[in-house]
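Asker:
Residue numbers (full-length UniProt numbering), protein chains in the order written: chain A, 1 to 258; chain B, 1 to 420.
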């Protein structure tokens, strides 16, 4: 009889995959997988701390990918949702996937599959929104700088998009909530952790960090935004459905209303 | 940069361009090369939305709102007393690049009033695109509006720099066009379209032999027609749209509910409602034709020249064709599934995937995301309590309407609200 266990990992995706590897290898009966910042010992289970091992993580990654390309991206997206208890659902999902004969067709009438696909879809939607709602502001150091505050941890997902789009300018996208950013230095994208003491919302008052020209372009964009709507068709409900209010403070066209 | 002057021009020329409804920035295949700026190889992105809820993905402006024509439905028409302005070529280039670098837009949508003549105007539009591509190494999206009557040579050149080309046919019927745009001829629209279509085919064939053949309007061509300015039926509109899809390989046809911008005895008066619901039904029909395997005469024909306003066109078709139903969700083929009201293409795929594992019942379908309030009258599944009363079309319609809370509901409700 295997003892039931709670696995504790460091919060990284590789750490999670390592935990999955160990659970499979040692045939553990896993009651939960928790990140070390929020561990909560169960009454009747033992905890085991997992040390991230990239080799092991890679084997799990490849194993899943060989089963289904679609599943591996669903798993990664769902993981980034940071939802409570997502690790255990993912673990159940991976076990189902690995024991199925044909992983290509997932069973959408199954609760776990549906749950993961919904989480992945929410994260995908947030990824797409962040690709849309990033507003770069040109600093005096010639870096295009943007703040975002996404519901989910989507920076790793959007880096490629911005890399291929803005290959000839330096840029930095900073996640205000998670206090880290991605920085492109004209050669590669790097993860940077900063603790900004001043967050540059798109405020009406100007900051020294930016050129005057920057504010001119913001004004032009703001004007453009205003002159494109057709009065006789106004539909504010639809507008806020598309541009939820929680993003407004980072959108230059919304700085007056935010 | 003379900021104030640009600001003034932008306000005038963006305002005049807003009635063009096309906002698509997808479907192109232009990826970033040699570390330049921009990429339009993926799907389009709406970077913001106007207060009327339409997507903003391109900087949509006119090069100028000076115009030699006097089309009754157009704000920019010669006889209208509005402020006029014109951008310089470099000004449009700078705006586009700077907006793009800040991630405001996916690219440029450039249209123009006609000054001097069609070719003179078209040349200028092309000059903007050429400068963006060759001097700024810009790989973002460029949509050029072709000027009716532009010559074949210019249409050829335009396609080398633009991702998409379009000519608006404006009025769905030729007689309507004669009435409202006496200066324009039908051939002025169709000739450039035909040229673009032929070039698209030619370039595609050439690329099969020579890989390095440049791209020609990789996102194809589109057109737009105004709905509700002349007395045409929905049937007229959709038959005309089908014609353009087939004959000119259109990627998209857009329908634009007429916004009264002029006092003119030939037109609906200022202050009359924009037919938004009708526009919405037309788009739904367009979708059914392109993605759901419907043919236009199934939905619109002499017996039904207009779409229902209170229910969507698929439901309307189903109610007229009850003999095809109920459909068994667990055995029906894909095409028939797509015809069930309340089932979208995505649900159809999920159903087909899921039913390999087990027979599906109401709960499964609900979790997949099927709109059961409509679908339940038209299907059976692995459950015994399906709708087994022998309901006629009117009863079903009544029951569906009773529990639906559509966004346009108040617009067609017969019942006046007591407290408003």
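Using N, Cα and C, we set each Cβ at its ideal position, and we do this for glycine too. For clarity, every value in this text was computed on a predicted model and none was experimentally measured.
Would you mind stating whether residue 146 of chain B and residue 158 of chain B have Cβ atoms separated by less than 8 Å?
Answerer: yes
Asker: Against chain A, with Cβ distances strictly below 8 Å, would residue 371 of chain B count as a contact?
Answerer: no
Asker: Taking the alpha carbon of residue 94 of chain A as the reference point, which residue from A:132, A:155, A:21 has its own alpha carbon closest?
Answerer: With distances taken between Cα atoms, residue 94 of chain A lies closest to A:21.
Asker: Looking only at its own chain, which residues have a Cβ that is under 6 Å from the Cβ of residue 220 of chain B, when we skip the five neighbours before and after it?
Answerer: Excluding positions up to five away in sequence, the list reads 251.
Asker: Along chain B, in chain order, which residues have C-beta atoms closer than 9 Å to that of residue 61 of chain A?
Answerer: Per Cβ cutoff of 9 Å: no residues; residue 61 of chain A is ~24 Å from chain B at best.
Asker: According to DSSP, is residue 73 of chain A helix, strand or coil?
Answerer: helix
Asker: Please confirm if the region 157–176 of chain A is in contact with the region 131–143 of chain A, defined as three or more CB-CB distances below 8 Å between the two stretches.
Answerer: yes
Asker: Just reading off the alpha helix (DSSP H) that residue 121 of chain B is part of, what are its end residues?
Answerer: 118–134
Asker: Residues of chain A with a CB under 8 Å from the CB of residue 422 of chain B: which are they?
Answerer: Not covered by the structure: residue 422 of chain B. The range shown for chain B is 1 to 420.
Asker: From this set, B:20, B:243, B:44, B:180, which residue's C-alpha is nearest residue 231 of chain B's C-alpha?
Answerer: B:180
Asker: How long is the line joining the alpha carbons of residue 396 of chain B and residue 328 of chain B, rounded to whole angstroms?
Answerer: 18 Å
Asker: With a threshold of 16 other CB atoms inside 10 Å of the CB of residue 40 of chain B, please say whether the residue is buried or exposed.
Answerer: Residue 40 of chain B is buried by the Cβ-count criterion.
Asker: Which residue marks the beginning of the beta strand (DSSP E) containing residue 76 of chain B, and which one marks its end?
Answerer: Counting along the chain, residue 76 of chain B falls outside any beta strand (DSSP E), and DSSP gives it neither H nor E.
Asker: Among A:77, A:100, A:130, which one has its Cα closest to the Cα of residue 116 of chain A?
Answerer: A:77
Asker: Going along the chain, which residues of its own chain have a beta-carbon closer than 6 Å to the beta-carbon of residue 126 of chain A, five neighbours each way excluded?
Answerer: 150, 151, 152, 154
Asker: When we look at the beta-carbon of residue 205 of chain B and count the other beta-carbons within 10 Å, is it buried (16 or more) or exposed?
Answerer: exposed
Asker: If you run the structure through DSSP and keep just helix, strand and coil, what is residue 355 of chain B?
Answerer: Looking at residue 355 of chain B - three-state DSSP - the assignment turns out to be coil, as it is neither helix nor strand.
Asker: Give the list of continuous alpha helix (DSSP H) stretches no shorter than 4 residues that lie fully inside the region 98–164 of chain A.
Answerer: 111–133
Asker: Can you name, in chain order, every residue of its own chain whose Cβ lies under 7 Å from the Cβ of residue 133 of chain B, other than the five neighbours on each side?
Answerer: So the qualifying residues of the chain are 161.
Asker: Closest Cβ-Cβ distance between residue 256 of chain A and chain B: below 8 Å?
Answerer: no
Asker: Of all the CB atoms in chain A, is at least one closer than 8 Å to the CB of residue 259 of chain B?
Answerer: yes
Asker: Can you give me the C-alpha to C-alpha distance between residue 89 of chain A and residue 118 of chain A, rounded to a whole angstrom?
Answerer: Rounded to the nearest angstrom, the gap between the Cα atoms of residue 89 of chain A and residue 118 of chain A is 12 Å.
Asker: If we count the other Cβ atoms within 10 Å of its Cβ and call it buried at 16 or more, is residue 196 of chain A buried or exposed?
Answerer: exposed
Asker: If we ignore side chains and look at the alpha-carbon of each, how far apart do residue 263 of chain A and residue 11 of chain B end up?
Answerer: Any answer about residue 263 of chain A is impossible in this case: the structure gives chain A only from 1 up to 258.
Asker: Could you give the distance in angstroms between the alpha-carbon of residue 415 of chain B and the alpha-carbon of residue 321 of chain B?
Answerer: At residue 415 of chain B, the pLDDT of 49 sits below 50, so the modelled position is not reliable; the number obtained from the coordinates is stated separately. If you take the alpha carbons of residue 415 of chain B and residue 321 of chain B, they lie about 29 Å apart.
Asker: Thinking C-beta only, is residue 136 of chain A closer than 8 Å to residue 102 of chain B?
Answerer: yes
Asker: Are three or more beta carbon pairs between the region 223–242 of chain B and the region 296–306 of chain B nearer than 8 Å?
Answerer: yes
Asker: Could you name the residues of the region 342–373 of chain B whose beta carbon sits closer than 7 Å to any beta carbon of chain A, in the order they occur along the chain?
Answerer: Listed by position, the residues of the region 342–373 of chain B near chain A (Cβ gap below 7 Å) are 350, 353, 354, 356, 357, 358, 360, 364, 367, 368.
Asker: Helix, strand or coil for residue 90 of chain B? Go by DSSP, reduced to three states.
Answerer: helix
Asker: How is residue 164 of chain B classed by DSSP in three states: helix, strand or coil?
Answerer: In the three-state DSSP reduction, residue 164 of chain B falls in the strand class (E or B).
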